[in-house]
Amino acid sequence: MNTKTQKKSQIKVITGNAAAAIAAKLARPDVVAAYPITPQTEIIEQISQFHANGEMDCELITVEGENSAMNAVMAASLAGGRVFTATSSWGLVFMYDAVLATAGARAPVVMVNVNRETPGIIAVSSGQQDMISTRDAGWIFLIAEDCQEVLDLVLQAYRLAEDYDIQVPVMVHYDGFYLSYLSEGVDVPFQEDVDAFLSVLKDQPERTKLVPGGKLGCGSHGILGGYLELRYKHVSAMERSKAKFNQIDQEFFEIFGRSYGGLIEEYRMEDAEVVLVGSGSMCGTIKTVIDEKRDAGIKVGLLKIRMYRPFPGEAMVAALKGKKAIGVVDRSLCFGFKGGPIYTELKAFETQLGGSKMISFIDGIANTDITTANVGTMIDTTCDLAAGKEVREVTWVSYPEAQEEGGL
Amino acid sequence: MSSNKFFKHEGPWSDANDPLMCSDTGDWRSKRPVVDKDKCIFCGFCAIYCPIQVMEMVESSHFSPDLGFCKGCGICAKECPKNAISMMPEGEFTK
Amino acid sequence: MTEQKKGKLTNVLDYLKHEDPFSKGVAFCPGCGLELLLRFIPQVLGNDIVMTGTPSCSAPVLLGQNNQSWHKLSYFGTLMTGAAANATGLARYYRKAKIDNTVVCFNGDGTAADIGFGNLSGAAERNEPFIYICYDNEGYMNTGIQKSGTTPFGATTTTTPLGSASKGKNLRRMNLALKMAMHKIPYAATATLSDLEDLAKKLLKAKEAKKRGFAFLHVFAPCTTGWGYAPENTIEVCRRAVKTNYFPLWEAENGKIRMTKTVKKPKPVSTYTELIKKFAHLNEADLQILQDDIDYEYCMLGGLSVLEGECQLPVSLED
Numbered sequence: 001m002n003t004k005t006q007k008k009s010q011i012k013v014i015t016g017n018a019a020a021a022i023a024a025k026l027a028r029p030d031v032v033a034a035y036p037i038t039p040q041t042e043i044i045e046q047i048s049q050f051h052a053n054g055e056m057d058c059e060l061i062t063v064e065g066e067n068s069a070m071n072a073v074m075a076a077s078l079a080g081g082r083v084f085t086a087t088s089s090w091g092l093v094f095m096y097d098a099v100l101a102t103a104g105a106r107a108p109v110v111m112v113n114v115n116r117e118t119p120g121i122i123a124v125s126s127g128q129q130d131m132i133s134t135r136d137a138g139w140i141f142l143i144a145e146d147c148q149e150v151l152d153l154v155l156q157a158y159r160l161a162e163d164y165d166i167q168v169p170v171m172v173h174y175d176g177f178y179l180s181y182l183s184e185g186v187d188v189p190f191q192e193d194v195d196a197f198l199s200v201l202k203d204q205p206e207r208t209k210l211v212p213g214g215k216l217g218c219g220s221h222g223i224l225g226g227y228l229e230l231r232y233k234h235v236s237a238m239e240r241s242k243a244k245f246n247q248i249d250q251e252f253f254e255i256f257g258r259s260y261g262g263l264i265e266e267y268r269m270e271d272a273e274v275v276l277v278g279s280g281s282m283c284g285t286i287k288t289v290i291d292e293k294r295d296a297g298i299k300v301g302l303l304k305i306r307m308y309r310p311f312p313g314e315a316m317v318a319a320l321k322g323k324k325a326i327g328v329v330d331r332s333l334c335f336g337f338k339g340g341p342i343y344t345e346l347k348a349f350e351t352q353l354g355g356s357k358m359i360s361f362i363d364g365i366a367n368t369d370i371t372t373a374n375v376g377t378m379i380d381t382t383c384d385l386a387a388g389k390e391v392r393e394v395t396w397v398s399y400p401e402a403q404e405e406g407g408l
Numbered sequence: 001m002s003s004n005k006f007f008k009h010e011g012p013w014s015d016a017n018d019p020l021m022c023s024d025t026g027d028w029r030s031k032r033p034v035v036d037k038d039k040c041i042f043c044g045f046c047a048i049y050c051p052i053q054v055m056e057m058v059e060s061s062h063f064s065p066d067l068g069f070c071k072g073c074g075i076c077a078k079e080c081p082k083n084a085i086s087m088m089p090e091g092e093f094t095k
Numbered sequence: 001m002t003e004q005k006k007g008k009l010t011n012v013l014d015y016l017k018h019e020d021p022f023s024k025g026v027a028f029c030p031g032c033g034l035e036l037l038l039r040f041i042p043q044v045l046g047n048d049i050v051m052t053g054t055p056s057c058s059a060p061v062l063l064g065q066n067n068q069s070w071h072k073l074s075y076f077g078t079l080m081t082g083a084a085a086n087a088t089g090l091a092r093y094y095r096k097a098k099i100d101n102t103v104v105c106f107n108g109d110g111t112a113a114d115i116g117f118g119n120l121s122g123a124a125e126r127n128e129p130f131i132y133i134c135y136d137n138e139g140y141m142n143t144g145i146q147k148s149g150t151t152p153f154g155a156t157t158t159t160t161p162l163g164s165a166s167k168g169k170n171l172r173r174m175n176l177a178l179k180m181a182m183h184k185i186p187y188a189a190t191a192t193l194s195d196l197e198d199l200a201k202k203l204l205k206a207k208e209a210k211k212r213g214f215a216f217l218h219v220f221a222p223c224t225t226g227w228g229y230a231p232e233n234t235i236e237v238c239r240r241a242v243k244t245n246y247f248p249l250w251e252a253e254n255g256k257i258r259m260t261k262t263v264k265k266p267k268p269v270s271t272y273t274e275l276i277k278k279f280a281h282l283n284e285a286d287l288q289i290l291q292d293d294i295d296y297e298y299c300m301l302g303g304l305s306v307l308e309g310e311c312q313l314p315v316s317l318e319d
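Residue numbers (the numbering used here), protein chains in the order written: chain E, 1 to 408; chain B, 1 to 95; chain Z, 1 to 319.
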């Protein structure tokens with residue numbers, strides 16, 4: 001992250017959840033839907049307290065289920081409001097029909113999803129499977145590495161979703177249990193700066209709204225060419241969001257003094273021969289181990305994915321081209337494929353990488369920590385790959401049985 | 001942005017400022033209501049019970065159906081307290 | 001020939017103060033109760049209502065096709081699972097933005113009693129400021145006549161068909177309107193198409209009650225295609241439903257239930273079922289089960305209405 005010295009700041013030691021709640025408050029939403037689910041609960045508790053203290057002038061709807069949460073905010077958004085809600089894992093999949101409807105209706109909803117293991121097995125523990133299970137929803141997906149980025153991404157999410165050129169809902173993901181409950185020092189922006197950052201939207205043309213007597217109706221049937229036209233518009237908007245997100249990163253830097261690099265963050269990649277690709281809180285650990293490895297003379301770097309949907313393929317190719325070996329770290333599984341989901345998606349660009357070799361690491365699921373030792377192993381294995389040694393395509397780092405004779 | 005051939009907006013919005021769609025439902029019926037204006041007491045039951053509301057007032061004398069959209073359901077004839085409406089087969093009328 | 005003396009024009013026409021915003025030619029079956037209801041509502045409540053609609057018999061008309069619409073109302077077409085939650089979002093945003101509005105969440109019994117009941121109950125519990133209208137044609141009609149929670153005992157549908165091992169639906173219907181009245185909402189009522197003045201008054205009361213919170217209207221709207229009766233009988237079917245107490249007309253203002261039409265000598269339910277083919281296979285014993293169910297529901301209703309003097313719902317709470 002690039003920073004410049006600011007005129008004033010307020011550092012608070014807060015959890016990732018609190019950071020999300022504060023960001024939502026600063027964005028001044030009109031309607032917030034609240035339903036609890038571990039590990040997100042603190043977000044809506046904080047917002048409820050803000051509301052009870054009169055610090056948030058919004059309609060707070062304590063819905064009876066996540067499905068209603070998304071339906072309520074979608075409708076409020078289409079009526080012209082700024083909205084917020086948060087969920088995780090099972091809540092996300094319970095509201096999935098409404099998540100799809102929101103994307104199809106092009107409602108600029110902003111939602112925080114605190115990553116937790118889903119689907120299938122009851123687990124109150126970490127993992128990005130909930131994000132992977134819903135990646136085709138047609139939403140923009142952003143992923144945060146630390147509590148500061150959680151707060152910053154929620155603000156950027158509003159700027160992106162409500163942009164007249166975009167109008168696609170945005171989901172901000174961060175690791176449950178690792179960031180949700182972790183307290184870090186966070187530079188909390190001042191309200192007037194957030195207002196200034198989002199004021200750009202007020203100068204843009206007004207988006208279509210559902211108003212009484214307006215004679216416009218949302219949710220019209222898409223018939224044949226009309227359906228295709230809407231889909232094409234949607235896909236095009238998602239493509240545009242890549243450049244827009246980079247632009248927003250710059251706008252954010254101008255006001256708050258923090259830049260993350262846009263779609264991806266490249267950490268010590270310029271002369272790297274070996275690269276790990278990762279997302280979310282694991283990146284903090286990976287950066288620490290990379291620094292140690294660099295001191296030992298190993299030219300290793302990290303490509304951190306910040307925008308996951310749309311997939312920033314072009315940016316990743318530009319950054320990875322010519323690297324000898326790439327290890328993609330997935331905090332989830334890609335059912336039907338041996339490798340992890342992000343690995344499988346990046347593999348589609350393999351021919352553009354100029355000969356780089358790729359392998360898949362699966363780790364960090366169900367609160368099995370991605371330790372510094374695990375990261376060290378991943379880097380060493382990827383270095384072996386770069387050196388031309390025989391290396392497994394897929395490694396379940398915390399589950400040695402997968403690597404046994406007769407395993408995958 | 002992309003073409004606006006089918007939709008005017010980014011999302012699935014329809015616009016009633018443009019002409020409404022309208023089906024030729026008058027084509028559906030096999031019977032049509034015929035009002036005996038002398039029997040009609042101008043109560044308006046046929047008008048309120050017609051699902052499409054095709055019954056139009058003729059001065060203060062009687063009601064008469066707009067045959068462009070009448071589907072021939074027969075509710076008006078059934079509900080008329082004076083049996084002033086008969087459902088006659090379409091075949092007996094030339095267009 | 002002597003001219004018939006002109007009678008008095010029905011009062012109902014006085015309630016139809018606004019124009020019918022729907023196109024004249026729309027795809028409802030001839031004699032459809034839903035078509036009558038759908039045109040009726042905006043003529044009473046105004047053309048600036050915002051209607052939400054879901055997949056149902058109303059969807060092909062309420063929702064547009066590409067850019068075009070069948071009517072002039074603002075509408076929001078979405079899924080059955082979250083209809084009441086959608087309406088909640090609209091009503092709450094309009095309240096925040098101080099936009100004058102009447103949101104009408106318009107659903108069939110499939111949505112209201114089955115798949116969308118959870119969020120209907122949640123919206124009522126939260127006393128959300130909109131009107132929820134359930135038109136009850138006792139089944140999923142748009143998909144071809146399947147059983148729903150409000151399908152009565154004995155009725156044949158495509159998922160409760162007649163066969164050597166089945167005599168139609170072998171479960172009693174659920175009483176959705178009474179359940180909603182139990183949510184302590186400002187207004188809940190039943191209405192039907194044979195009593196249009198009653199329906200109009202209830203629509204207006206619902207609009208008034210919306211200022212205090214949630215209003216629920218349960219409208220009995222027979223389906224000629226799905227139930228098997230001649231289209232001309234739609235109003236008569238409603239009439240007999242009321243006369244047999246199969247569908248009593250009542251309202252609950254702030255929880256106080258009162259009958260809006262007391263039928264002094266209710267006819268046996270057979271006078272209702274004889275008009276409708278979906279009941280044609282029922283023998284006397286089966287009809288008695290249906291009759292007992294009707295009597296049970298009416299007895300409960302009667303009992304609750306008697307309590308009106310004793311149990312007072314507190315004044316509605318401000319936010």
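Just so it is clear, CB atoms sit at the ideal spot from N, CA and C, and this is done for glycine as well.
Cβ of Tyr94 of chain Z within 8 Å of any chain E Cβ: yes
Chain E contacts made by the region 161-194 of chain Z, where a contact means CB separation under 9 Å: none
Pairwise C-alpha distance: Arg207 of chain E and Val168 of chain E: 12 Å
Beta-carbon spacing of Val188 of chain E, Ser133 of chain E below 8 Å: no
Inter-stretch contact (C-beta, 8 Å, three-pair minimum) for the region 35-47 of chain Z and the region 198-218 of chain Z: yes
Residues that Phe214 of chain Z bridges to, as DSSP identifies them: In DSSP, Phe214 of chain Z forms no bridge with anything.
Three-state class that DSSP yields for Phe311 of chain E in the structure shown: coil
Below-8 Å beta-carbon distance, Glu79 of chain B vs any chain Z residue: yes
Chain B contact for Leu13 of chain Z (CB, 8 Å cutoff): yes
Stretch pair the region 354-368 of chain E + the region 321-330 of chain E: three plus CB contacts closer than 8 Å: yes
Other residues of its chain near Thr2 of chain Z: CB distance less than 6 Å, five sequence neighbours each side excluded: In this prediction, Thr2 of chain Z has a pLDDT of 49, which is less than 50 and means its spatial position is unreliable; nothing more can be read from the coordinates.
Sub-8 Å separation of Ile48 of chain B and Gly31 of chain Z beta-carbons: no
Beta-carbon spacing of Gly225 of chain E, Pro39 of chain E below 8 Å: no
Heavy atom of the ligand ZN within 7 Å of Ser356 of chain E beta-carbon: With respect to small molecules bound, the structure shown includes none, and the ligand ZN cannot be examined in it.
Inter-stretch contact at 8 Å, needing at least 3 Cβ pairs: the region 93-101 of chain Z / the region 58-66 of chain Z: no
C-beta atoms of Ala366 of chain E and Ser125 of chain E nearer than 8 Å: yes
Residues, ordered as in the chain, of the region 85-113 of chain E that lie near chain Z by beta-carbon distance below 7 Å: Asp97, Ala98 and Ala101
Nonlocal neighbours in the same chain, by C-beta distance under 6 Å from Tyr15 of chain Z, ignoring five residues either side: Val44 and Ala200
Status (buried if at least 16 other CB within 10 Å, exposed otherwise) for Val13 of chain E: exposed
Cβ shell of Lys72 of chain Z (< 7 Å), same chain only, five flanking positions each side left out: Pro21 and Asn47
Sub-8 Å separation of Arg239 of chain Z and Ser194 of chain Z beta-carbons: yes
Where Thr2 of chain Z sits in the DSSP three-state scheme: Reliability fails at Thr2 of chain Z, whose pLDDT of 49 lies under 50, so the model's placement of it is uncertain and the value that follows must be treated cautiously. Coil at Thr2 of chain Z, not helix or strand.
Contact check, Leu210 of chain E vs Phe76 of chain Z, beta carbons under 8 Å: yes
Proximity test, Cβ basis, 8 Å: Ser23 of chain B and chain Z: yes
Where the beta strand (DSSP E) through Tyr187 of chain Z begins and ends: Tyr187 to Thr192
Boundaries of the beta strand (DSSP E) in which Arg32 of chain B is found, first to last residue: Lys31 to Val35
Alpha-carbon to alpha-carbon, Val150 of chain E and Gln156 of chain E: 10 Å
Distance, Ser183 of chain E Cα to Ile11 of chain E Cα: 12 Å
Extent of the continuous alpha helix (DSSP H) to which Asn71 of chain E belongs: Glu66 to Leu78
Counted within 10 angstroms of its Cβ, other Cβ atoms place Pro51 of chain B as buried (16 or more) or exposed: buried
Between the CA atoms of Leu120 of chain Z and Pro152 of chain Z - distance to the nearest angstrom: 21 Å
Buried or exposed by the 16-neighbour rule on C-beta atoms within 10 Å, applied to Met21 of chain B: buried
Cβ contact check for the region 127-141 of chain E and the region 185-200 of chain E: 3 or more pairs under 8 Å: no
Candidates E:Gly388, E:Ala34, E:Ala373 and E:Gly297: closest to Asn113 of chain E by CA position: E:Ala34
Span of the alpha helix (DSSP H) around Met378 of chain E: Thr372 to Ala386
Simplified DSSP assignment, three categories, for Asp319 of chain Z: Summary for Asp319 of chain Z: the model assigns pLDDT 44, below 50, so the residue's position carries little reliability, and this model does not support an answer.
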